[in-house]
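Residue numbers (this note's numbering), protein chains in the order written: chain A, 2 to 361; chain R, 2 to 361. Ideal Cβ placement from N, Cα and C applies to all residues, glycine included. Notes to accompany the following structure.
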């Protein structure tokens, strides 16, 4: 089987042969400009969300000369998402919650300005409004199933901050897009930022150390579940953090019991689920043990490309909804080796050697 | 029957019991700042598209204190659109093609800057790119039926300009949102603007005297029809102008014969179809006599509100997709007097007397 299931509640049956919308909420974080919490190359970090979404929608990046790629040649997970979108003809919606560089494709604008400096506890001042914007987006979609991914460089640090701020045991459980997870650094940043949180209320915690993607995704999930639409939160520990936001908003504000509805799941990659430096399952079960986690497998060990093999050694792991969209596609008949072959076929087109040298 | 059909080709059967998306493309036009081509109150003209869409999506305007209303108390057609959206639970998508004031709701951004000065032939320089943006939007929707409306103050003038620029007999056929249609003025503006068009190519004509809504709507229609999705161009003579753009792009670029597919229709109000100072049918039949026109009726003569009765005397007539969305709703069981009653019920809430006095 190409999907690993944890706490399965029959969710996969609800997404078979249904009209799906893949959406991806993007944001930049000011802190990444001067503290190396993200593994993304500093020269391209501001371009990453835009370039990711251009690749997913158009099959090529426009804002930079190649799609994002790390120093080991490991390509952005947007390559996996693009494979799914193209092979299964999945419609894509980009939601801008403050990407520093705007994608050169149509996108839903909810906040122009990037997430602020989480080290200073100044992530945003409008998390409640962003939640409402997310609710409006979800209410006005026409799909039967909604996948929500993210592209937020530095986003595992905000995930850590929000989980800690809401009282979860998350210190050694948060994943990273790098082989070497700079855990101490991330912890220092969010512990400092949390000092400035006005209260332990979820919106105050978000305002201090969250990122703008989080309340938007939470809002989209609420209004979708309210309409009976199954939602895949497509991501790793970042989406676990969004799950904690959803749970907290439900407890204190909405009182809709959406996590009990069976309509909200987490969809990620095997690389995150099996990450020995993190514990996605351990976080999710603290929040609500009824929420299922599905992880898509990849046969990247069979690839002749070192860049793809790097995924198996802990590079990148997840992002741009790659794991969750693959869960949907696999549940709807796509074979995992088709994803690999699609990425392999396009790898040299996307990352011509000349361009790659310029970037690194 | 509450729908008047012209050149009926069975289109209405294709939109029954189907998942619909209402979309509305908005733009401002620089020329309206200094030439009174639009009947909209000058103080609120820049706020009109934003306030219209806020009303449609939220049930109230946020950017100004009441929804747009003319000097006779005749409310924006957004009130009709809102009635349909609320009564039939229709999802809404706002597309910003350069509204001067941005709506305080999520919107798809395709161009931040308003349409330029059409008197100087400088409407835009990117109509081809905007067409491609529209194509991407249409390709990535999940609905079965697409309604596309517009809110573009001054848009009947750009409609005239484009039709004349493409060689159609349109001089005395273009409608207006005012009782007194300033035909001479509009003609002077576009005849001057057309002197600057680089060629008679559709994109050059758009760049000179079009508005940014037009290529975006054309693109959305192309990619939708390509997927077999029925499209209602929801508007009056402005949408006839978009139809001429579609026809021209098809002839010279796309060669997809989309107007022969039977999937593209015009949906408007009886107030436009029966406008004695205009000739929607005469324009559409010059472009392609196979394109059906549907006009929704309203029993506004029965209203006790002068503001609603004004529609029957030629005020406002159409806009924000009011006619087309009503065609969809009527075809799906909504009774026309429910629309009137909804607007009547909310009229005093929307337009409290105090606010109304401030604005006029």
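Discussion item. Give me, in chain order, the residues of the same chain whose beta-carbon lies closer than 8 Å to that of residue 229 (chain R); leave out the 5 immediate sequence neighbours on both sides.
Written reply: 264
Worksheet item: Shorter than 8 Å from the beta carbon of residue 2 (chain A) to some beta carbon of chain R?
Response: no
Worksheet item: Taking buried to mean at least 16 other C-beta atoms within 10 Å of its own C-beta, is residue 47 (chain A) buried or exposed?
Response: buried
Discussion item. Is any non-hydrogen atom of the ligand NAD found closer than 7 Å to the C-beta of residue 71 (chain R), if you look at the structure I gave you?
Written reply: In the structure shown, the ligand NAD is absent, as is every other ligand, since no ligand is present at all.
Worksheet item: Does the beta carbon of residue 20 (chain R) sit closer than 8 Å to a beta carbon anywhere in chain A?
Response: yes
Worksheet item: For residue 111 (chain R) and chain A, any beta-carbon pair shorter than 8 Å?
Response: yes
Worksheet item: Any residues in the stretch 76-108 of chain R with a beta carbon nearer than 8 Å to a beta carbon of chain A? Which ones, in chain order?
Response: 92, 93, 94, 96, 97, 103, 106, 107, 108
Practice prompt. Return helix, strand or coil for residue 296 (chain R), following the three-state DSSP convention.
Written response: strand
Worksheet entry | Contact check, residue 97 (chain A) vs residue 111 (chain A), beta carbons under 8 Å | yes
Worksheet entry | When R:130, R:183, R:6, R:139 are compared against residue 156 (chain R), the one with the closest alpha-carbon | R:183
Fill in: Buried versus exposed call for residue 358 (chain A) [16 or more other C-beta atoms within 10 Å across all chains shown]
Note that residue 358 (chain A) scores 46 on pLDDT, short of 50, meaning its location in the model is unreliable and no value can be drawn from it.
Worksheet item: Would residue 334 (chain R) pass as a contact of residue 223 (chain R) if the rule is Cβ separation under 8 Å?
Response: no
Practice prompt. Taking only the alpha-carbon atoms, compute the straight-line gap between residue 207 (chain A) and residue 239 (chain A) and give it to the nearest angstrom.
Written response: 13 Å
Practice prompt. Select from A:39, A:82, A:62, A:35 the residue whose C-alpha is nearest the C-alpha of residue 23 (chain A).
Written response: A:82
Worksheet item: For the putative contact between residue 312 (chain A) and residue 341 (chain A), defined by C-beta atoms under 8 Å, what is the C-beta separation to the nearest angstrom?
Response: Contact doesn't hold; Cβ gap of about 10 Å is too wide.
Practice prompt. Throw me the rounded Cβ distance for the residue 348 (chain R) and residue 308 (chain R) pair, which I believe falls under 8 Å.
Written response: 7 Å
Item to complete: Could you tell me which chain A residues have their CB closer than 9 Å to the CB of residue 25 (chain R), listed as they occur along the chain?
Response: Under the 9 Å cutoff, chain A gives no residues; its nearest Cβ is about 12 Å from residue 25 (chain R).
Worksheet entry | For residue 210 (chain R) and residue 1 (chain R), the rounded distance between their alpha carbons | What is shown of chain R runs 2 to 361, which leaves residue 1 (chain R) out entirely.
Fill in: residue 279 (chain R) vs residue 174 (chain R) beta-carbon contact at 8 Å
yes
Worksheet entry | Straight-line gap, residue 62 (chain R) to residue 148 (chain R) (C-alpha atoms, nearest Å) | 22 Å
Worksheet item: Mind listing which residues of the stretch 47-59 of chain R have their C-beta closer than 7 Å to chain A's C-betas, in chain order?
Response: 58
Item to complete: Name the two residues that bound the continuous beta strand (DSSP E) containing residue 307 (chain A).
Response: No beta strand (DSSP E) holds residue 307 (chain A); the alpha helix (DSSP H) holding it covers 307-313.
Discussion item. Please tell me whether residue 158 (chain A) and residue 180 (chain A) are closer than 8 Å, where the distance is taken between their beta carbons.
Written reply: no
Fill in: Alpha-carbon to alpha-carbon, residue 134 (chain R) and residue 114 (chain R)
15 Å
Worksheet item: So, helix, strand or coil for residue 108 (chain R), using DSSP?
Response: strand
Worksheet item: In chain A, which residues lie less than 9 Å from residue 264 (chain R) when you measure between Cβ atoms?
Response: By Cβ distance, chain A contributes nothing, its closest Cβ being about 17 Å from residue 264 (chain R), past 9 Å.
Worksheet item: Between the stretch 87-96 of chain R and the stretch 16-31 of chain R, do three or more beta carbon pairs fall short of 8 Å?
Response: yes
Worksheet entry | Residue of A:77, A:146, A:65, A:186 minimising C-alpha distance to residue 38 (chain A) | A:186
Item to complete: Quick one: measure Cβ to Cβ for residue 69 (chain R) and residue 84 (chain R), integer angstroms, because I've assumed they're closer than 8 Å.
Response: Residue 69 (chain R) to residue 84 (chain R), Cβ: 16 Å. No contact.
Worksheet item: In chain R, what lies closer than 7 Å to residue 134 (chain A) by C-beta?
Response: 107
Practice prompt. Taking only beta-carbon positions, decide if residue 141 (chain R) is within less than 8 Å of chain A.
Written response: yes
Worksheet item: In three-state terms, what does DSSP make of residue 49 (chain A)?
Response: helix
Practice prompt. Determine the extent of the beta strand (DSSP E) in which residue 326 (chain R) is found, giving its start and end residues.
Written response: Counting along the chain, residue 326 (chain R) falls outside any beta strand (DSSP E), though it belongs to the alpha helix (DSSP H) covering 323-332.
Practice prompt. Thinking residue 287 (chain A) and residue 170 (chain A) are a contact (beta carbons under 8 Å), I'd like their distance in whole angstroms, please.
Written response: 7 Å
Worksheet item: Going along the chain, which residues of its own chain have a beta-carbon closer than 8 Å to the beta-carbon of residue 226 (chain A), five neighbours each way excluded?
Response: 232, 257, 259, 262, 264, 265
Worksheet item: What in chain R is Cβ-close to residue 144 (chain A), meaning under 8 Å?
Response: 143
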